[in-house]
Amino acid sequence: EAGVAQSPRYKIIEKRQSVAFWCNPISGHATLYWYQQILGQGPKLLIQFQNNGVVDDSQLPKDRFSAERLKGVDSTLKIQPAKLEDSAVYLCASSLGRNEETQYFGPGTRLLVL
Amino acid sequence: GDSVTQMEGPVTLSEEAFLTINCTYTATGYPSLFWYVQYPGEGLQLLLKATKADDKGSNKGFEATYRKETTSFHLEKGSVQVSDSAVYFCALRGKTGANNLFFGTGTRLTVIP
Numbered sequence: 001e002a003g004v005a006q007s008p009r010y011k012i013i014e015k016r017q018s019v020a021f022w023c024n025p026i027s028g029h030a031t032l033y034w035y036q037q038i039l040g041q042g043p044k045l046l047i048q049f050q051n052n053g054v055v056d057d058s059q060l061p062k063d064r065f066s067a068e069r070l071k072g073v074d075s076t077l078k079i080q081p082a083k084l085e086d087s088a089v090y091l092c093a094s095s096l097g098r099n100e101e102t103q104y105f106g107p108g109t110r111l112l113v114l
Numbered sequence: 115g116d117s118v119t120q121m122e123g124p125v126t127l128s129e130e131a132f133l134t135i136n137c138t139y140t141a142t143g144y145p146s147l148f149w150y151v152q153y154p155g156e157g158l159q160l161l162l163k164a165t166k167a168d169d170k171g172s173n174k175g176f177e178a179t180y181r182k183e184t185t186s187f188h189l190e191k192g193s194v195q196v197s198d199s200a201v202y203f204c205a206l207r208g209k210t211g212a213n214n215l216f217f218g219t220g221t222r223l224t225v226i227p
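These protein sequences, in sequence, are chains A and B.
Residue 1 is where the first sequence starts when you use the numbering used here, and the numbers rise one by one after that.
Residue 115 is where the second sequence starts when you use the numbering used here, and the numbers rise one by one after that.
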């Protein structure tokens, strides 16, 4: 079974530029999560989707971050404009459903904002 | 709100030493508790979990017991190997609302031969 796929793996941009990350969850997984992991910290949830609907985006900085999952499968996370403090690893995870205990994580996208 | 406090690292042990990484939590009700591991260059992987009080999760020689009375979920292994070198994250998942995962800050373990 293929795992959660993410691209790109690495991205370097200058502040005020925009960037987008892509995630393809495990086939059949209805719930998709985006996390931000700043160096030296644990992952922090940014947004949770159930199919193509948003369940929780309370921690998403909506003035610059946006995410979508239009067809209930792939998802994109966008930052526009980026700030220095956005440098982090962005993790995508998926699970069978909201009540499913186990989340499966992708390898992450490491973003460096200069 | 829900939170996890995890023993700070880094931790360096010799091969075959005993490992304990402390984790305590604050949550409403009875959350599920997890340990995730992140090996160098890889993504987060679930190591073990426990979903109710007194449950013991175990995997790959690691164990953790859900202790409601002390709100703890300490990770233990009797004899560590070089291949256990990784970052370990304690996490909880509430059973109300959006059921999100809350992670600790992680503990880096290095095992030397």
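Built from N, CA and C at the ideal position, the CB exists for glycine as well.
Small disclaimer: the values here were computed from a predicted structure and weren't measured.
Look up residue i in the DSSP assignment and give the residues it is bridged to.
i         : result
B/Val-225 : B/Leu-127
A/Ala-88  : A/Leu-111
B/Thr-165 : In DSSP, B/Thr-165 forms no bridge with anything.
B/Asn-173 : B/Phe-176
A/Val-19  : A/Ile-79
A/Lys-11  : A/Leu-111
A/Leu-60  : The partner list for A/Leu-60 (beta bridge, DSSP) is empty, contrary to what the question assumes.
Where does residue i sit, in a helix, a strand or coil, going by DSSP?
i         : result
A/Val-135 : Lying before the first or after the last residue shown, residue 135 of chain A is absent from chain A, which here runs from 1 to 114.
B/Val-196 : helix
B/Leu-158 : strand
A/Ser-27  : coil
A/Arg-98  : coil
B/Tyr-144 : coil
B/Tyr-86  : In this structure chain B extends from 115 to 227, so residue 86 of chain B is not present and cannot be described.
A/Ala-2   : coil
A/Leu-46  : strand
B/Thr-138 : strand
B/Val-191 : Note that residue 191 of chain B is Lys in the sequence shown, not Val. B/Lys-191 falls in the strand class under three-state DSSP.
A/Arg-69  : coil
B/Thr-185 : coil
B/Thr-119 : strand
Do residue j and residue i have their beta-carbon atoms positioned less than 8 Å apart in this structure?
i         : j         : result
B/Val-225 : B/Glu-122 : no
B/Phe-187 : B/Ala-200 : no
A/Thr-31  : A/Gly-97  : yes
A/Lys-15  : A/Val-89  : no
B/Trp-149 : B/Leu-189 : yes
A/Lys-78  : A/Ala-20  : yes
B/Leu-133 : B/Lys-170 : no
A/Ser-87  : A/His-29  : no
A/Ile-26  : A/Val-4   : yes
A/Pro-81  : A/Arg-64  : yes
Task: At least 3 beta-carbon pairs within less than 8 Å: the segment 103 to 114 of chain A vs the segment 151 to 161 of chain B - done: Yes, since at least three Cβ pairs between the segment 103 to 114 of chain A and the segment 151 to 161 of chain B fall closer than 8 Å, the two stretches touch.
Open item on the list: With three or more C-beta pairs closer than 8 Å as the rule, is the segment 45 to 62 of chain A touching the segment 161 to 176 of chain B?
Closed with: Verdict: no, contact absent.
Open item on the list: Quick test of the definition: if touching needs 3 or more C-beta pairs under 8 Å, does the segment 213 to 220 of chain B touch the segment 36 to 56 of chain A?
Closed with: Three or more Cβ pairs drawn from the segment 213 to 220 of chain B and the segment 36 to 56 of chain A lie within less than 8 Å of each other, which places the two stretches in contact.
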